[in-house]
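For reference, the structure discussed in these notes is given below.
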Amino acid sequence: MQGGNHMLLEEPVRLASVLAPAKPKVFPSLTKIVGTLGPNSHSVEVIEECLTAGMSVARFDFSWKDATYHQETLDNLRKAAQNVKKLCPIMLDTVGPEIQVHNSTGGAIELIGGNHVTITPDLSKAPSADILPIKFGDLAKVVKKGDTLFIGQYLFTGSETTSLWLEVTETSGAEVICYVKNTATLSGPIFTLHVSQVHISMPTLSEYDKQVISTWGLQNSVDIISLSHTRSSEDVRELRAFLKSHDLQDTQIYAKVENAEGLEHFDEILQEADGIIISRGDLGIDLPPERVFMSQKTGIHKCNMAGKPVIITRVVDSMIDNLRPTRAEATDVANAVLDGTDGILLGAETLRGQYPVDAVRTVGRICAEAETVYNQSLHFKKVVRHVGEPMVHEESVASSAVRSAMKVKAAAIVVFTFSGRAARLIAKYRAPMPVLAVVFPREGSDPSKWRSYGTTQARQCFSVRGVYPLMGSTDDVCTSYLVIPEQVLLFPMLSIYGGCGCFLFGDLRCNYLRAETGGLTKEEYGIKLALNYGRSVGIIKPYDRVIIFEKIGDSSVVKIIECDDSER
């Protein structure tokens, strides 16, 4: 089994440590947490608490509510991010080929196990326990007797009191008659219908998705698009071409694998996508329960070997209504970390759950604890073996940087990057310490655009395990400014000489970083920026060692430096 034995235990020390108080951490966990914003995480105050608790990426799910509502939420996110001085990238989640049951009355519908219900494309019919209208006319053409259908509000929480399990008994024209296998109450205006292991002839990138991306997405320069129901590499290529045609070529694509078709074409999807989201909600329906764990472990392993971020979903569903997760859920989160996931995605837990902040905080604590026993040495050997020899130059030096950091017990790794690729390469080898990515503008880029709007590349680093970006900029003159308007989400920033302040940039109120370079080279500037940030948050202490990974000309270089109080 891929991904096994990734736990490092030393008895009796580990067993005794279970009872010891947890040590305070600078970052809640190296594993990143994606929070879905919605009704119960809409306000500035709650979003601030989520960010402080450890939310790294904000997800906007367009399968419900309109662009106006999501814009209000995003505006609140920007205010919250500015208040807590943290960057939080934007992830737009597409709707894709989703079949929806329209409950025009909005009232609760109770269906009793043992009865029959008719699925019809006739939206004029009122929904009831006997008939459910859907916005898809070809269902009767693609299903057959014995096929399984599921219906639920936010797909399925695992609780069969709010999700419906149906079996097709016959088709009649455009209608599908089903046997109701369990008693459940459906509530809300829209429920999602899923057909297990059946190809639905609907485009992965719908016209609605295109409209949202070309308007809301473009207006807000989204950092990541989660492509729901990705079924082939062609789906990713189609979205990539669409993004390029709308001046969003820097937006990353995370393919959301959530059905048997996606698993069948996983390797080719992984090659085309920038990252993968393993959506266990739908996978848990498409696959027999006993095979879900294998899809997770194998998918994470493949992403780890390719050095691409991977995120899993549906981990603490019970926290929608409860303050604590179940024992099984807590273990599930820890196992995902031990498998090698970069991040955990919280959906209904933060969108409509009663305890969004506690969900973020609890998952972060579980991740942090699992990271203390993660078998990094084994992971490192597996990646090196997979890459093989001869290694390409950058891969060789990146792996050497992580190996050196482990050998000298470095406090952090500092990496200089333009695109974020170098930071992702370091993260591929799962360094057990934070990776501070100093993101510089490319030579020849427009300085005013860089200063005014930050970089998408820096924000995208927050979806990668253990990577924390800082923006760096050096000019030919002795003073450089890093300008982050309110329109761009903020992140921890520090002047190398501590000079922070505020001024008006055009008609925008801006925070800025003033760094008197005093003739420093880009390398010296970047190191001072990273070290001062590390000191300010407590990562780096006097006499700690730090690894520097950078590219000089055509060469990649690794350095080991020792910090002392005189280096401020």
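Our numbering applies: residue 1 is where the sequence shown begins, and numbers increase by one. The beta carbon of each residue, even a glycine, is placed where N, CA and C say it ideally should be. Nothing here was measured: the structure is a model prediction, and the numbers come from that model.
Quick check: the Cα distance between S419 and G275, rounded to an integer number of angstroms?
Rounded to the nearest angstrom, the two C-alpha atoms are 15 Å apart.
Three-way DSSP call (helix, strand, coil) for D554 in this model
D554: coil per DSSP, three-state reduction.
DSSP three-state label for G538, please.
coil
Got a sec, what are the start and stop residues for the beta strand (DSSP E) V464 sits in?
Careful: V464 lies outside any beta strand (DSSP E) and carries neither H nor E.
My output table needs one value for S404: the three-state DSSP class, helix, strand or coil.
helix
What are the complete beta strand (DSSP E) segments, minimum 3 residues, inside the segment 102 to 161?
109 to 111, 116 to 120, 131 to 133, 148 to 152
Length of the line joining the Cα atoms of A569 and T326
There is simply no residue 569 to check, as the chain begins at 1 and stops at 568 in what is shown.
Would you check if the segment 223 to 231 and the segment 104 to 118 touch, i.e. whether three or more CB-CB distances between them fall below 8 Å?
no
For A273 and chain B, any beta-carbon pair shorter than 7 Å?
Within the model displayed, chain B is absent; a lone protein chain is all it includes.
First and last residue of the uninterrupted beta strand (DSSP E) at C178
175 to 180
Name the DSSP bridge partner or partners of A255?
L227, I276
Any idea what DSSP makes of Q457, helix, strand or coil?
helix
7 Å Cβ shell around A359 - same chain, five flanking residues per side excluded:
V316, M319, L346, E349, T350, G353
Are the beta-carbon atoms belonging to V438 and Q457 less than 7 Å from one another?
Taking 7 Å as the cut-off, the beta carbon of V438 is found no closer than this to the beta carbon of Q457.
Answer with buried or exposed for Y355, where buried requires no fewer than 16 other C-beta atoms within 10 angstroms of its C-beta.
buried
Beta-bridge pairing of M471 - partner residues as DSSP gives them
V439
Do you know offhand how far Q219's Cα is from D66's?
In this model, Q219 and D66 are separated by some 15 Å (Cα to Cα).
Cβ neighbours of G307 in the same chain (closer than 7 Å, five flanking residues each side left out):
Excluding residues up to 5 positions away in sequence, R424, L425, K428 lie with their Cβ nearer than 7 Å to the Cβ of G307 in the same chain.
Would you mind working out which of P121, T162, W165 sits nearest V176, comparing C-alpha positions?
P121
Using the C-alpha atoms, what's the distance from A334 back to E369?
8 Å
Please go through the segment 294 to 352 and give each complete alpha helix (DSSP H) segment of 4 or more residues, from N-terminal end onward.
327 to 339, 348 to 351
Check the C-beta distance from L263 over to V257 and give it rounded, since I have them as a contact under 8 Å.
6 Å
What separation, rounded to the nearest whole angstrom, lies between the Cα atoms of P189 and L30?
Roughly 38 Å between the two C-alpha positions.
By the three-class DSSP mapping on this structure, what secondary structure does A58 have?
Here A58 sits in strand by DSSP.
CB-CB under 8 Å to D209, same chain, minus the five flanking residues each way: which ones, in chain order?
F62, T94, V95, G96
Give me, in chain order, the residues of the same chain whose beta-carbon lies closer than 6 Å to that of T185; leave out the 5 immediate sequence neighbours on both sides.
Its chain contains A108, E110 as the residues whose beta carbon lies nearer than 6 Å to that of T185, once the 5 sequence neighbours on both sides are disregarded; these appear in chain order.
Where does D554 land, buried or exposed, given buried means 16+ other C-beta within 10 angstroms?
Using a 10 angstroms sphere on the CB of D554, the tally of other CB atoms stays under 16, which defines it as exposed.
Could you check how far apart the C-beta atoms of L37 and L87 are, in whole angstroms? I think they sit under 8 Å.
That belief does not hold up - the Cβ atoms of L37 and L87 are roughly 16 Å apart, past 8 Å.
Restricting to Cα atoms, I'd like to know which of P441, T455, C461, I224 is closest to V435.
A check of alpha carbon separations from V435 across P441, T455, C461, I224 identifies C461 as the nearest.
Can you round the beta-carbon distance between A412 and I540 to whole angstroms, since I take them to be within the 8 Å contact cut?
So it is a contact: roughly 6 Å between Cβ atoms.
Counting beta carbon pairs with one atom in the segment 166 to 176 and one in the segment 137 to 156, are three or more of them shorter than 8 Å?
Touching, yes.
Does the distance from the CB of H6 to the CB of L270 come in under 7 Å?
no
Taking the alpha-carbon positions, what's the G152 to K135 distance?
Roughly 15 Å separates the two Cα atoms.
Quick check: what's the CA-CA separation for G54 versus R459?
15 Å
By how many angstroms is the C-alpha of K244 removed from the C-alpha of A260?
29 Å
With C-beta atoms as the reference, is R535 less than 7 Å away from E562?
Taking 7 Å as the Cβ cut-off, R535 and E562 do not qualify as a contacting pair.
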